[in-house]
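Note sheet for the following structure.
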Ligand code: F3S
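In the numbering used here, the protein residues as written are 12 to 654.
Next up, the structure:
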């Protein structure tokens, strides 16, 4: 039997387990990346492991999220990150150099390698033929220390692409079509391997857009073949020597298959407030648009912005529209500046924003109240824009640019004759904003400003579980809902006591206070609890508030892994209807939990307020039970090292 691409890479990286869906496997990680919002905590955790240097082939610390400098906090974090990178053998990408996934693709991604990133859109690297997975910072810290990354082996779904995209239809529409088919819940326990003749028509940045937003499907990751298109991209980035061919064998097998004819895809949008609320632009109709924002790790490549510049060239943004464009990297911005496209963008009346996450993470560009905002990024969760009643639509750069000109949602196919923009044969190469690590033993001290607070620690798990139901949430609660971002909250990512005050603040601003007064408790959730970004702070702040368990109908992958890493028990209702029989403030308990965990995967929960009982299940491996009992992965790792 032949091998698919995933199996080929895993064959050289598998450390434990069998490549069978549902089995826990451990893999060797070649590369890691962090961004500043997750990185400070990841490096505090790495420090706690007392390793002299990282053991990965390559680790990069990016600064792209918290770049506003309205107070000392963000710069404190940047200084800390730079000093820790120098000391521990990590490359440091300075603020302004670009968004982690865009820069990583340009300068570091390599076919056949494994990449673990403390950011949920790390799978963007799959465009390059690597297994690139998003995880919590603690998992990344363990990988930097040379430890394996554990995951449940997903099903491998082949998405067979045929045909070519029609003029003005783009890669963004391909992934929106997949979101229409699979929904945000459809990818749990799966990964996607793209193949078929249609792949060859997609440039690496287009593949990156598709792989990037696979995160919204809930899949573990996506991967494309490494072919002549990949080779040419790497060559143009001055890194042609690292190319290797990676194709699935003809008789490779998969756990599922989906056919997509690229020719049949039309311009689409994700309507408010979920990335899978998909509709055709033509069906939504010409609604009035107040804001257009183009950029983010999904759509800010050279190809994307050259297309936008060609659309806007010689024209003016509609007077009722506020338009902003954030290039994905310094490389993109500088190339646009040198070839004149930047002048076309400026002349159109668009505001040129920094090469950062910016508007995508709620750092500026909040729209007016009640606004319709068209954005090219990957998430349109309620309130993420910074304006609670804004209506955010996710579209392609082509749709966004066309709409910026007309002031209404516009099908880009009305722009007339298509434009053809070949990929450059040579990108502008200047790595001066990527600081290599200092030689061993020559790094200075780690700089810790007052915003860098010590890592919170947890004690080992008690014998029984007992606690108040602190909150009961609905389905599809996001990590944005649990631990909001935004300009006043993000700078506190290295200060958990201050950050924890904002847990669930968008849903119930009394939560943190109640949790503190109750001395912790449990949370009840619906389906897909914790979808969205990889932010481990959503679990870490729960740990700080002494939340000991979450009982939900189902969990999103990364958040569940983060809960386990911080010693919080993820339990699933055996009968989802029992969700309706528990209320906020109910006192619940699981007697003899510690002993029971390894004996059975079904546990009785006693609702002491209602005098009822219901069954919950867990699917923890014996390693994960060890982590929960130890009070989290950090404690577990120390215990293992002492054995
Ligand atoms: Fe940044 Fe938004 Fe991507 S926060 S990493 S641009 S999803």
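Ideal placement from N, C-alpha and C gives every residue a C-beta, glycine not left out.
These figures come from a predicted structure and were not determined experimentally.
Exercise. Candidates 134, 75, 157: which alpha carbon is nearest residue 69's?
Worked result: 157
Exercise. Which residues in the same chain as residue 637 place their Cβ atom closer than 7 Å to its Cβ, once the five residues preceding and following it in sequence are excluded?
Worked result: 647
Exercise. Going by C-alpha distance, which of 596, 543, 507, 123 is nearest residue 146?
Worked result: 543
Exercise. When DSSP labels each residue in this structure, what does residue 148 get in the three-state scheme?
Worked result: helix
Exercise. What are the uninterrupted segments assigned as alpha helix (DSSP H) that are 4 or more residues long and contained completely in the stretch 33 to 64, given in chain order?
Worked result: 47 to 59
Exercise. Taking the runs of the alpha helix (DSSP H) that are 4 residues or longer, which of them lie wholly in the stretch 349 to 422?
Worked result: 352 to 359, 408 to 417
For this session: Would you give the residue range spanned by the beta strand (DSSP E) that residue 104 belongs to?
Result: 102 to 104
For this session: Go ahead and label residue 164 buried or exposed: buried means 16 or more other beta carbons lie within 10 angstroms of its beta carbon, across all protein chains shown.
Result: buried
Problem set entry | Buried or exposed (CB count within 10 angstroms, at least 16 for buried), residue 652 | exposed
Exercise. When the Cα atoms are used, what is the spatial distance from residue 173 to residue 213?
Worked result: 11 Å
Exercise. Which residues mark the beginning and the end of the beta strand (DSSP E) in which residue 202 is found?
Worked result: 201 to 206
For this session: For residue 327, count neighbouring C-beta atoms within 10 Å of its own C-beta (all shown protein chains included) and say buried if the count is 16 or more, exposed if not.
Result: exposed
For this session: Classify residue 467 as helix, strand or coil using the three-state DSSP reduction.
Result: coil
For this session: Please confirm whether any heavy atom of the ligand F3S lies closer than 7 Å to the CB of residue 569.
Result: no
Problem set entry | DSSP-derived helix/strand/coil call for residue 608 | coil
Exercise. Counting Cβ pairs closer than 8 Å, one from the stretch 197 to 206 and one from the stretch 12 to 25, do we hit at least three?
Worked result: yes
Exercise. Residues in its own chain within less than 7 Å of residue 442 by CB, not counting five upstream and five downstream?
Worked result: 118
Exercise. Among 120, 229, 133, which one has its Cα closest to the Cα of residue 567?
Worked result: 229
For this session: Have a look at 305, 304, 356, 282 and flag the residue whose alpha-carbon is nearest the alpha-carbon of residue 295.
Result: 282
For this session: Could you round the C-beta distance between residue 125 and residue 44 to whole angstroms and report it? I think they count as a contact, below 8 Å.
Result: Residue 125 to residue 44, Cβ: 12 Å. No contact.
Exercise. How long is the line joining the alpha carbons of residue 160 and residue 616, rounded to whole angstroms?
Worked result: 32 Å
For this session: Would you kindly work out how many angstroms separate the C-alpha atoms of residue 93 and residue 103, rounded to a whole number?
Result: 6 Å
For this session: Drop a sphere of 10 angstroms on the beta-carbon of residue 83, count the other beta-carbons inside from all chains shown, and report buried for 16 or more, exposed for fewer.
Result: exposed
Problem set entry | Endpoints, beta strand (DSSP E) assigned at residue 72 | 69 to 73
Problem set entry | residue 553, DSSP secondary structure in three states | helix
Exercise. Per DSSP, what kind of secondary structure is residue 129 in: helix, strand or coil?
Worked result: strand
For this session: Decide if the stretch 57 to 72 is in contact with the stretch 215 to 232; the criterion is three or more beta carbon pairs, one per stretch, under 8 Å apart.
Result: no
Exercise. Out of 513, 602, 391, 461, which has the shortest C-alpha to C-alpha gap to residue 475?
Worked result: 602
Exercise. Can you name the start and end residues of the alpha helix (DSSP H) that residue 111 belongs to?
Worked result: 111 to 118
Exercise. Does the distance from the C-beta atom of residue 191 to that of residue 287 stay below 8 Å?
Worked result: yes
Exercise. Where does residue 577 fall in DSSP's three states?
Worked result: coil
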